[in-house]
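Participant:
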Amino acid sequence: MGTHRLKVMFLGGLGEVGKNMVVLEYRHDIIVIDAGIGFPEEDMFGVDVLVPDITYLRQHADRVRAIFITHGHEDHIGAIPYLLDELRVPIYSTRLTQGLLQARLKERKLLDRADLRLIQPDDDPRIIIGSFTVECFRVSHSIPDAIGFAVTTPAGMVVHTGDFKFDQTPVAGRVADMAKLGEIGRRKPLVLISDCVHVESPGVTPSERVVGETFDALFERAPGRILIATFASSISRVQQVLTIAHRHGRKVACVGRSLQNNVRVALDLGYLDPPEGTLIRRSEAAKLPPSEVAYVCTGSQGEPLAALSRIAHRDHREIQIQPGDTVIISATPIPGNETSVFRVINQLFHQGADVIYSARALVHVSGHASRDELRLMLNLVQPRFVIPFHGEPRHLRLYAMLARDVGIPDENILIGELGTVFEFDRDGTVTTGEVPCGTVYLGGSAGEIGDITIRDRQALARDGILMVAATVDRQSGQFLAGPEIVARGFGSVGENGSVLSATVDHLQQILSLNGNGESGSVNRKIREAAQAYIFATTRRRPMIIPMVMEV
């Protein structure tokens, strides 16, 4: 028994923001906490979502006992539909999270494959699965019904905060259960896995209600329609819009399929309470005077197919920007999305809208803990070891400094990356290993997209493609005609005509010396010679595709 170790491994969410997935393993039992998606950067052409690489779980599928979900944001539940075929295990979550997950699975016709089980935090449940006893505690976040987990194992307790802050005046949901956290702390947890993405911000993250005060002022002065873009799962933000719109005599319509689905779930489960008659259909909103309507829409991250992007690019069937419109971007860009967001903002300004975003007014507050709240969590839980999580490398390092200030020894602050495994003995000795891990790229009907394909697409976008045609004698391999170059994405003939002409001359010299070569060797010579010459003259690396015809 003394040789058994607790393994804590990270298949997503460590050193990055998104696709969260933590795995706990002891002896023959594995549980997973969260299974989220990530969002592609601008140069990941044709990629729709990123999901965790579950190679390790696939290899040990017979030992995976359950998945536990902290809350209903896409970066925590979005990968579930992609895992169901390989991990047929119970999925535990709170009521709203379960409702949102059910809607996604039903939309993909996968609901009958999922074993969804409800967690009722107020009942203080203890779920015993193999070597693990799992408890939960309420936390505040930007979506109701968010929880963290305390997992007791023979090697010690692991506390996973989930995404959290200490909001004492939440719009929806409950305040964090600090009494439960204090009680957990008195049990001497072995390790705390803590949200750290907002560690750069001093003090305390403002309450969600502060955004409502800004909305109130903006609604008061807006002469025409108001469009508010936010995350589709920001139920608390939607509630504030409904309440404030009613106060100012406006009706509210939702735009964007994912937002409409989430609002429907929240209404059905009682997590949204719109004033009577305030929430209406888009068809009804279109008949109202501009000063009496507000729209809540998707697209706060500049997503090309989301409602706000389509409106900004005059591609929406029902809504076009008019003079007097006020557009509120009630979110901050996720790292990597800044260019897309500001492109949308510029388009909206160009069409005459007054666009309000975080640089102009307090129209968004984070759902994540700032430095003082992170300190408070550390002091409540009092872990022996701490692992910063849900953050990029700078967040992990800054959190390590904060933990050191609180009194955690340097050797007990564990910094990892995707695939890192921390192994704990019963005496608290920790060793570090790794498992195969990366990112799986998914794109529409193409399904999984490999790293090589991504790199090829990036190269094509950056430097273009050159197709080089030549004719050789099938018997002798002698060069007969060409080469001719067709360029795409490399620049116009006027821009690079002299380079292409010089490349043709260079290739003619190379090919004239070929002699007795097979088409394969001619292909290789064309590719190598063209790549070397073009890079030497332009410092660019277009993709070279030789097309050798034998006659």
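Residues 110 to 660, numbered by this note's numbering, are exactly what the sequence shown covers, in order. Backbone N, C-alpha and C fix where the C-beta goes; we use that ideal spot for every residue, glycine too. Only a predicted model underlies this, so the values are computations on that prediction, with no experimental measurement involved.
List the whole-angstrom C-beta distance separating I465 from L327, where the pair is believed to meet the contact cut-off of C-beta under 8 angstroms.
Facilitator: Right, their Cβ atoms sit about 6 angstroms apart.
Participant: Tell me where the alpha helix (DSSP H) around L378 begins and ends.
Facilitator: Start and end: 366 to 378.
Participant: Identify every residue that forms a DSSP beta bridge with R304.
Facilitator: The question names Arg, but residue 304 in the sequence shown is Asp. Answer is F498, bridged to D304.
Participant: Just checking, does the stretch 373 to 393 make contact with the stretch 309 to 316 on the three C-beta pairs under 8 angstroms criterion?
Facilitator: Touching, no.
Participant: So, at 6 angstroms on beta carbons, what are the nonlocal neighbours of D382 in its own chain, with the 5 sequence-adjacent residues on each side left out?
Facilitator: Nothing listed; no residue qualifies.
Participant: With a CB to CB cut of under 6 angstroms and the five nearest residues on each side skipped, what residues in its chain are close to T548?
Facilitator: Hits under 6 angstroms: L159.
Participant: For the alpha helix (DSSP H) containing R650, list its first residue and its last residue.
Facilitator: Element bounds for R650: n/a, residue is neither H nor E.
Participant: For L205, which residues does DSSP report across the bridge?
Facilitator: Paired residue(s): none; L205 is not in a bridge.
Participant: CA-CA distance, E604 and A641?
Facilitator: Legend: pLDDT at E604 = 49, less than 50; position of this residue unreliable, value from coordinates given subsequently. Going by the C-alpha atoms only, they are around 20 angstroms apart.
Participant: Relative to the ligand FAD, is the shortest distance from any of its heavy atoms to the C-beta of A281 smaller than 7 angstroms?
Facilitator: By its list of ligands, the structure shown contains no ligand whatsoever, and the ligand FAD lies outside what it can speak to.
Participant: Have a look at P545 and G122 and give me their C-alpha separation to the nearest angstrom.
Facilitator: C-alpha separation (whole angstroms): 15 angstroms.
Participant: With DSSP as the reference, label K634 as helix, strand or coil.
Facilitator: K634 falls in the helix class under three-state DSSP.
Participant: Measure the Cβ-Cβ separation of L609 and A596 and say whether it is below 8 angstroms.
Facilitator: Yes. Within cutoff.
Participant: Identify which residue in S409, G181, I428 has its Cα closest to the Cα of T448.
Facilitator: For the residues S409, G181, I428, the minimum Cα distance to T448 belongs to S409.
Participant: Counting along the chain, where does the beta strand (DSSP E) carrying I465 start and finish?
Facilitator: 463 to 465 is the span of the beta strand (DSSP E), which, as asked, contains I465.
Participant: Using only the alpha-carbon positions, how far apart do M658 and N632 sit?
Facilitator: When rounded, the distance between both Cα atoms is 10 angstroms.
Participant: Can the beta-carbon of V474 be found closer than 8 angstroms to that of T314?
Facilitator: Going by C-beta atoms, V474 is nearer than 8 angstroms to T314.
Participant: What are the boundary residues of the alpha helix (DSSP H) that includes G291?
Facilitator: Taken as a continuous stretch (DSSP letters only), the alpha helix (DSSP H) holding G291 covers 287 to 294.
Participant: State the CB to CB distance for the pair T206 and I176, rounded to an integer number of angstroms; the pair is presumed to be in contact (CB under 8 angstroms).
Facilitator: That belief does not hold up - the Cβ atoms of T206 and I176 are roughly 12 angstroms apart, past 8 angstroms.
Participant: Between L220 and L214, is the Cβ-Cβ spacing less than 8 angstroms?
Facilitator: Taking 8 angstroms as the Cβ cut-off, L220 and L214 qualify as a contacting pair.
Participant: Start and end of the alpha helix (DSSP H) containing I574?
Facilitator: From DSSP, I574 is part of no alpha helix (DSSP H) but of the beta strand (DSSP E) over 574 to 581.
Participant: Which runs of the beta strand (DSSP E) at least 3 residues long sit entirely within the stretch 382 to 450? Give them in chain order.
Facilitator: DSSP runs (the beta strand (DSSP E)) wholly in the stretch 382 to 450: 402 to 406, 435 to 438.
Participant: What residue range does the alpha helix (DSSP H) around R484 cover?
Facilitator: First-last of the alpha helix (DSSP H) with R484: 480 to 490.
Participant: Are the beta-carbon atoms of I524 and L551 separated by less than 8 angstroms?
Facilitator: Result no, Cβ atoms of I524 and L551 do not sit closer than 8 angstroms.
Participant: Please report the distance separating the alpha-carbon of H477 from that of M130.
Facilitator: So the alpha carbons of these two residues sit roughly 18 angstroms apart.
Participant: Using the C-alpha atoms, what's the distance from L471 back to K297?
Facilitator: Roughly 39 angstroms separates the two Cα atoms.
Participant: With a threshold of 8 angstroms, are at least 3 pairs of Cβ atoms found where one atom belongs to the stretch 259 to 269 and the other to the stretch 135 to 146?
Facilitator: With the cut-off at 8 angstroms, the stretch 259 to 269 and the stretch 135 to 146 touch.
Participant: With a threshold of 16 other CB atoms inside 10 Å of the CB of R648, please say whether the residue is buried or exposed.
Facilitator: Exposed, because fewer than 16 other Cβ atoms sit within 10 Å of the Cβ of R648.
Participant: Out of I643, P442, H269, V490, which has the shortest C-alpha to C-alpha gap to A468?
Facilitator: Cα-wise, what sits closest to A468 is P442.
Participant: According to the Cβ coordinates, are D434 and L336 closer than 8 angstroms?
Facilitator: Yes, the Cβ-Cβ distance between D434 and L336 is below 8 angstroms.
Participant: On the three-state DSSP scale, how would you describe R356?
Facilitator: R356: helix per DSSP, three-state reduction.
Participant: Please work out which residues of its chain come closer than 6 angstroms, Cβ to Cβ, to I635, disregarding the five sequence neighbours upstream and downstream, and give them in chain order.
Facilitator: Taken in chain order, the residues that qualify are V577, P655.
Participant: Please classify P492 as buried or exposed, where buried requires at least 16 neighbouring CB atoms within 10 angstroms.
Facilitator: With 16 or more other Cβ atoms within 10 Å, it is buried.
Participant: By the 10 Å Cβ neighbour count, where 16 or more other Cβ atoms means buried, how is M110 classified, buried or exposed?
Facilitator: Annotation note: pLDDT 42 at M110 (below 50); position unreliable, coordinate value reported separately. The residue in question, M110, is exposed, as its Cβ has fewer than 16 Cβ neighbours within 10 Å.
Participant: So, are the CB atoms of A394 and A421 less than 8 angstroms apart?
Facilitator: In this structure, A421 does not lie closer than 8 angstroms to A394 by Cβ.
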